[in-house]
Amino acid sequence: MSSLPNVTIHEGDFLHYRLPRKPYKVFANIPFNITTAIVTRLTAEEYPPEDAYLAMQKEAAGMFVGRPHECLRSLLLKPWFEVEIVHRFRRKDFVPEPRVDVVMLRLRKRGPPLVNPADRQCFRDFVVYGFTTWRPTLSSILKGIFTWQQLKHMRRELAFDLDATPTSLSMEQWLNVFEYYKNVGNEQVIDRIVGSEKRLLQEQKRLQKVHRTRKYWRKQAGRPYQ
Numbered sequence: 304m305s306s307l308p309n310v311t312i313h314e315g316d317f318l319h320y321r322l323p324r325k326p327y328k329v330f331a332n333i334p335f336n337i338t339t340a341i342v343t344r345l346t347a348e349e350y351p352p353e354d355a356y357l358a359m360q361k362e363a364a365g366m367f368v369g370r371p372h373e374c375l376r377s378l379l380l381k382p383w384f385e386v387e388i389v390h391r392f393r394r395k396d397f398v399p400e401p402r403v404d405v406v407m408l409r410l411r412k413r414g415p416p417l418v419n420p421a422d423r424q425c426f427r428d429f430v431v432y433g434f435t436t437w438r439p440t441l442s443s444i445l446k447g448i449f450t451w452q453q454l455k456h457m458r459r460e461l462a463f464d465l466d467a468t469p470t471s472l473s474m475e476q477w478l479n480v481f482e483y484y485k486n487v488g489n490e491q492v493i494d495r496i497v498g499s500e501k502r503l504l505q506e507q508k509r510l511q512k513v514h515r516t517r518k519y520w521r522k523q524a525g526r527p528y529q
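Below, the structure is given as structure tokens:
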């Protein structure tokens, strides 16, 4: 492909590659072991693609789409991108054949987004807080944010069960709960939630480092003495 006049090949680590500042699109068969890192790199940057088609494992694509239920990954993606599976490959479409089912996931940038740009990080922190508080029900999670009277009002207005789990809420319901939080949240509560996504990313990096260290020492332990 390097011989084509409209193709420029750059060798390097995509996770550290500077993305274009002008409108661009992505079409790629990505490494399955870093799927989440690649999707995060594309969609959380200041200059995301207008459109992206990514071949990935079916289970990973389902997570981003929010099937069978919304999850943290889908909720951090869908306010800014329309997410859908547009093609299902046959295993024999690839050489060698993969051991997993592969689909094509499309990420199309919304315009405008479902969350006000000024509220972007606030929304992301709010959702991360909701999913990483590690409590079993919405009422036990949200009682640290809202009064009992406010919770009962939300239950009536937004039509959800307070005994449900965070994954039980639809994208629209999460957006509505966030709008309610913006209107009634006090400074003490907001201070507790601000920075939730950053803390989660730091913890994930710490665990990855621990995993790499353990993997290294297991490998060393299996080597014979010289």
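One point on numbering: in the working numbering, the residue at position 110 of the sequence shown is 413, and numbering is uninterrupted.
We treat Cβ as the ideally placed atom computed from N, Cα and C, and that holds for glycine.
According to DSSP, simplified to helix, strand and coil, what is residue i?
| i | result |
| --- | --- |
| F429 | helix |
| V398 | coil |
| L503 | helix |
| F317 | helix |
| Y327 | coil |
| R423 | helix |
| D466 | coil |
| A355 | strand |
| R409 | strand |
| L489 | In the sequence under discussion, the amino acid at residue 489 is Asn, which differs from the Leu named in the question. It is coil, neither helix nor strand. |
Can you name, in chain order, every residue of its own chain whose Cβ lies under 6 Å from the Cβ of residue i, other than the five neighbours on each side?
| i | result |
| --- | --- |
| N479 | L461 |
| P416 | P382 and W383 |
| I341 | I333 |
Looking at residue i: is its Cβ nearer than 8 Å to the Cβ of residue j?
| i | j | result |
| --- | --- | --- |
| R324 | Y356 | no |
| M359 | V329 | no |
| M474 | E373 | yes |
| L375 | V310 | no |
| P282 | L441 | Absent from the structure is residue 282, since the part of the chain shown begins at 304 and ends at 529. |
| D404 | K361 | yes |
Excluding sequence positions up to five away, which residues of its chain have a Cβ less than 7 Å from the Cβ of residue i?
| i | result |
| --- | --- |
| E387 | V368 and R409 |
| D428 | I496, V497, G498, S499 and E500 |
| R411 | D354, F384 and E385 |
| P401 | R394 |
| Y484 | F429 and I448 |
Going by beta carbon distance, what residues of the same chain come within less than 8 Å of residue i, once the five residues before and after it are set aside?
| i | result |
| --- | --- |
| N336 | none |
| Y320 | H313 |
Please report the Cβ distance between residue i and residue j, rounded to the nearest whole angstrom; I am assuming they are in contact, meaning their Cβ atoms lie under 8 Å.
| i | j | result |
| --- | --- | --- |
| F463 | Q452 | Not confirmed; about 16 Å, so no contact. |
Query - beta strand (DSSP E) runs wholly inside the segment 360 to 401, at least 3 long, in chain order - result: Within the segment 360 to 401, the complete beta strand (DSSP E) runs of at least 3 residues are 384 to 391.
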